[in-house]
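Peer 1: My questions will all concern the structure given below.
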Amino acid sequence: APLRFTWSQPIDWKDIYTAKQYLDKYYSDRGPVRVAEMVADDVSMSRKIRKMQKFYGLQVTGKLDQSTLAVMKKPRCGMPDLAN
Amino acid sequence: YHVFPGEPKWQKSTLTYRITKYTTSLSAQDVDRAVELGLKAWSAAAPLNFVKTTQGEADIMISFESGDHGDSYPFDGPRGTLAHAFAPGEGLGGDTHFDNAERWTTGKNGFNLFTVAAHEFGHALGLGHSSDPSALMYPTYRYQHPVGFQLPQDDVKGIQALYGTKGTGKEKPAGPQQPSNNPDQCDPNLSFDAVTVLGNELLLFKERSFWRRHAQLANIWPSPIASSFPQLMSNVDAAYEVAERGTAYFFKGPHYWTTRGLQTQGLPRTIYDFGFPRHVQKIDAAVHLKNSRKTLFFVGDDYYSYDETRRAMEDDYPKSIDDEFPGVEGNIDAAVEVNGFIYFFSGPKAYKYDTEKEDVVNIVKSSSWIGC
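Read top to bottom, the protein sequences are chains A and B.
Sequential numbering from 1 applies to the first sequence in the numbering used here.
Sequential numbering from 1001 applies to the second sequence in the numbering used here.
Here it is in structure tokens:
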């Protein structure tokens, strides 16, 4: 099923997938999300985007935009940003 | 900066580390150097020492891994995730993994191993990610030059919130600190961390310094421990010598070093070699009794007896110190046998114990042992 993602500009679906993986890995309150849960939690994805945008000092919109994606694509440490 | 929930941190200042798997993209020497500098970045800002081991379990186990490597945080090939590390604790705690699929470098052409290692060791010491873009603990990679590297202020505040500042140490009460590195030679309240005979000298340890005293009390002054025992650095818990073996043992936290004279023999080992129960995390004092060939270890209110001939802890121990050594008051900081008497150091007092009379026969100031 297409991911009913709220985004502010046309975003390549591969980037959307990258964003999902990134947010599940670094902003999940629990362990890695199984694929089956992916479609049902758009609301929580928007919440995770807000957390990430706040952490990196980006404009907090809860929507996936190019500047948020740019940060997601940077090489980084594998530890979550939420100190959980 | 952020710490982890529950603020996990190491309860000791000397940590061991071991590199169990190297990468194919750098020489082992380059990896060793980058790791050493990565750890030094933190020990420069907080009272921490790191000792490299090459066998057995170390506090911080370091390895280069690929893909799914068994810790439920699989790596993802080139770029993306570069490395991860676990917060302080037993087992996986402190362990640090680097993605072997990355192009590791000692320079800028690829991912600089020192830069990533220094960041990961921040996690291994108890720091989470910082949201300060200038911090080393910021999540995304930003090249740092290893030579002349200065830990950013945000990271300094974080590591000192966990382990205190260098030299005074958080665990020490914030009392008046000695103006110089050397303890006040004739402070009437002077106490010792450890005392041992070594050859024809007597060594008395205090924080970062130690005194070497010959039989006659010629003029005596403190020297930095680091100058003769670089591995020990400071705050030796206990020490003793088995003269007939020409071997001495120095204890710090759950580790001990063996020396011949001032020459350290090999890497630190754990005190559990002596047969201590796991709940014992450090020794307060140790004294070797020449005639019986037994070594007494003092831990809190109890003491253990170790048979140097059998190399085994004696049965029916620990026993209560009060029961066996009446008259010695307070916690025992240090102990040494001289001319058949056992001298117990407790705070500013030194108790002379006569094993035949089974009683204390004299009490002097600890500082009198260094000529005060």
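Don't be surprised by glycine CBs; every beta carbon is placed ideally from N, CA and C.
If you're wondering where the values come from, they're calculated on a predicted model, not measured in any experiment.
How about B/Thr1025 and B/Pro1047: do their beta carbons lie closer than 8 Å?
Peer 2: One point to set straight first is that residue 1025 of chain B is Ser, not Thr, in the sequence displayed. It is not a contact, given that the beta carbons lie outside the stated cut-off.
Peer 1: For B/Ala1174 and B/Asp1316, what's the separation of their Cα atoms in angstroms?
Peer 2: For B/Ala1174, the pLDDT reaches just 32, beneath the cut-off of 50, and the residue's location in the model is therefore unreliable, leaving the point undetermined.
Peer 1: Under the rule that 16 or more other beta-carbon atoms within 10 Å means buried, what is B/Tyr1143, buried or exposed?
Peer 2: Result: exposed.
Peer 1: Specify the secondary structure class of B/Gly1266 as computed by DSSP and reduced to three states.
Peer 2: In the structure shown, B/Gly1266 sits in a strand (DSSP, three-state: E or B).
Peer 1: Please report the distance separating the alpha-carbon of B/Gln942 from that of B/Lys1252.
Peer 2: The structure shown does not extend to residue 942 of chain B, since chain B spans only 1001 to 1372, so no value can be given for it.
Peer 1: Output the boundary residues of the alpha helix (DSSP H) element that contains B/Trp1042.
Peer 2: Counting along the chain, the alpha helix (DSSP H) containing B/Trp1042 begins and ends at 1028-1043.
Peer 1: Please list the partners that A/Lys74 has in chain B, where partner means a Cβ-to-Cβ separation under 8 Å.
Peer 2: By Cβ distance, chain B contributes Thr1140, Tyr1141.
Peer 1: Pull up the distance between the alpha-carbon of B/Phe1050 and that of B/Arg1018, whole angstroms please.
Peer 2: For B/Phe1050 and B/Arg1018, the distance between alpha carbons rounds to 10 Å.
Peer 1: Tell me the start and end of each unbroken beta strand (DSSP E) in the region 1042-1075 of chain B that is at least 3 residues and wholly inside, in chain order.
Peer 2: DSSP runs (the beta strand (DSSP E)) wholly in the region 1042-1075 of chain B: 1049-1052, 1060-1065.
Peer 1: According to DSSP, which residues form a beta bridge with B/Val1195?
Peer 2: Paired residues: B/Leu1204.
Peer 1: How many angstroms separate the CA atom of B/Gly1169 from the CA atom of B/Ile1332?
Peer 2: Summary for B/Gly1169: the model assigns pLDDT 43, below 50, so the residue's position carries little reliability, and this model does not support an answer.
Peer 1: When DSSP labels each residue in this structure, what does B/Leu1162 get in the three-state scheme?
Peer 2: DSSP places B/Leu1162 in helix when its eight states are reduced to three.
Peer 1: Pull up the distance between the alpha-carbon of B/Phe1341 and that of B/Gly1266, whole angstroms please.
Peer 2: Cα-Cα distance, rounded: 32 Å.
Peer 1: Against chain A, does B/His1069 count as a neighbour if the rule is that its beta carbon must be under 8 Å from one of theirs?
Peer 2: False, the Cβ-Cβ gap to chain A never drops below 8 Å.
Peer 1: When DSSP labels each residue in this structure, what does B/Asp1301 get in the three-state scheme?
Peer 2: In the structure shown, B/Asp1301 sits in coil (DSSP, three-state: anything other than H, G, I, E or B).
Peer 1: Is the Cβ-Cβ distance between B/Ser1066 and B/Phe1075 less than 8 Å?
Peer 2: Yes. Within cutoff.
Peer 1: Residues in the region 1050-1084 of chain B with C-beta within 8 Å of chain A's C-beta atoms, listed in sequence order?
Peer 2: Correct list: Ser1072, Tyr1073, Phe1075, Arg1079, Gly1080, Thr1081, Leu1082, Ala1083, His1084.
Peer 1: For A/Asp81, return the contacting residues in chain B, with the cut-off set at a CB-CB distance below 7 Å.
Peer 2: Going along chain B in sequence order, the residues near A/Asp81 (Cβ under 7 Å) are His1129, Pro1139.
Peer 1: Going by beta carbon distance, what residues of the same chain come within less than 6 Å of A/Phe55, once the five residues before and after it are set aside?
Peer 2: Hits under 6 Å: Asp81.
Peer 1: Using a C-beta to C-beta distance shorter than 8 Å, which residues of chain B count as neighbours of A/Val71?
Peer 2: Result: Thr1140.
Peer 1: Rounded to whole angstroms, how far is the Cβ of A/Val60 from the Cβ of B/Thr1140, which I believe are closer than 8 Å?
Peer 2: No, A/Val60 and B/Thr1140 are not in contact; Cβ-Cβ is about 18 Å, not under 8 Å.
Peer 1: Is there a C-beta anywhere in chain A that falls below 8 Å from the one on B/Glu1120?
Peer 2: Closer than 8 Å to some Cβ of chain A, the Cβ of B/Glu1120 qualifies, so yes.
Peer 1: Beta carbon of B/Glu1201, beta carbon of B/Arg1208: below 8 Å?
Peer 2: In this structure, B/Arg1208 does not lie closer than 8 Å to B/Glu1201 by Cβ.
Peer 1: Report back the beta-carbon spacing between B/Leu1190 and B/Ser1367 to the nearest angstrom; my notes put them in contact at under 8 Å.
Peer 2: About 4 Å; that satisfies the 8 Å criterion.
Peer 1: Given B/Ser1346, which residues of its chain have a CB within under 7 Å of its CB, disregarding the five upstream and five downstream residues?
Peer 2: Counting only Cβ-Cβ distances below 7 Å, and skipping sequence neighbours, we find Val1328, Glu1329, Gly1330, Asn1331, Ile1332, Asp1333.
Peer 1: What does B/Phe1111 reach in chain E if we use C-beta pairs closer than 8 Å?
Peer 2: Although the question refers to chain E, the structure presented lacks it and instead comprises the protein chains A and B.
Peer 1: Among A/Ile49, A/Pro10, A/Trp13, A/Thr68, which residue has its Cα nearest to the Cα of A/Tyr27?
Peer 2: Ranking A/Ile49, A/Pro10, A/Trp13, A/Thr68 by Cα distance to A/Tyr27 puts A/Ile49 first.
Peer 1: Residues in the same chain with beta-carbon distance under 7 Å from B/Lys1157, minus the five sequence neighbours each way, listed in chain order, please.
Peer 2: Cβ neighbours of B/Lys1157 beyond the five flanking positions: Tyr1001.
Peer 1: What is the DSSP secondary structure of B/Phe1111, reduced to helix, strand or coil?
Peer 2: Note: B/Phe1111 maps to strand in three-state DSSP.
Peer 1: Ignore the nearest five residues each way along the sequence and tell me which others in A/Leu23's own chain have a CB closer than 7 Å to its CB.
Peer 2: Within the same chain, A/Leu23 has close Cβ partners Met45, Lys48, Ile49, Met52.
Peer 1: Leaving out the 5 sequence neighbours to the left and right, which residues in its chain are closer than 6 Å to B/Ala1068 when beta-carbon positions are compared?
Peer 2: Correcting the residue identity first, residue 1068 of chain B is Asp in this sequence and not Ala. Around B/Asp1068: Pro1074.
Peer 1: What are the boundary residues of the alpha helix (DSSP H) that B/Ile1225 is part of?
Peer 2: Segment 1225-1228, the alpha helix (DSSP H) holding B/Ile1225.
Peer 1: Relative to the C-alpha of A/Lys25, which candidate in B/Gln1055, B/His1084, B/Phe1192 has its C-alpha closest?
Peer 2: Taking only the C-alpha atoms, the option nearest A/Lys25 is B/His1084.
Peer 1: Quick one: which chain A residues come within Cβ less than 7 Å of B/His1145?
Peer 2: By Cβ distance, chain A contributes nothing, its closest Cβ being about 18 Å from B/His1145, past 7 Å.
Peer 1: Is there a Cβ of chain B sitting closer than 8 Å to that of A/Gly62, yes or no?
Peer 2: False, the Cβ-Cβ gap to chain B never drops below 8 Å.
Peer 1: Would you mind working out which of B/Gly1300, B/Lys1365, B/Ala1226 sits nearest B/Ser1320, comparing C-alpha positions?
Peer 2: Minimum Cα distance to B/Ser1320 is reached at B/Gly1300.
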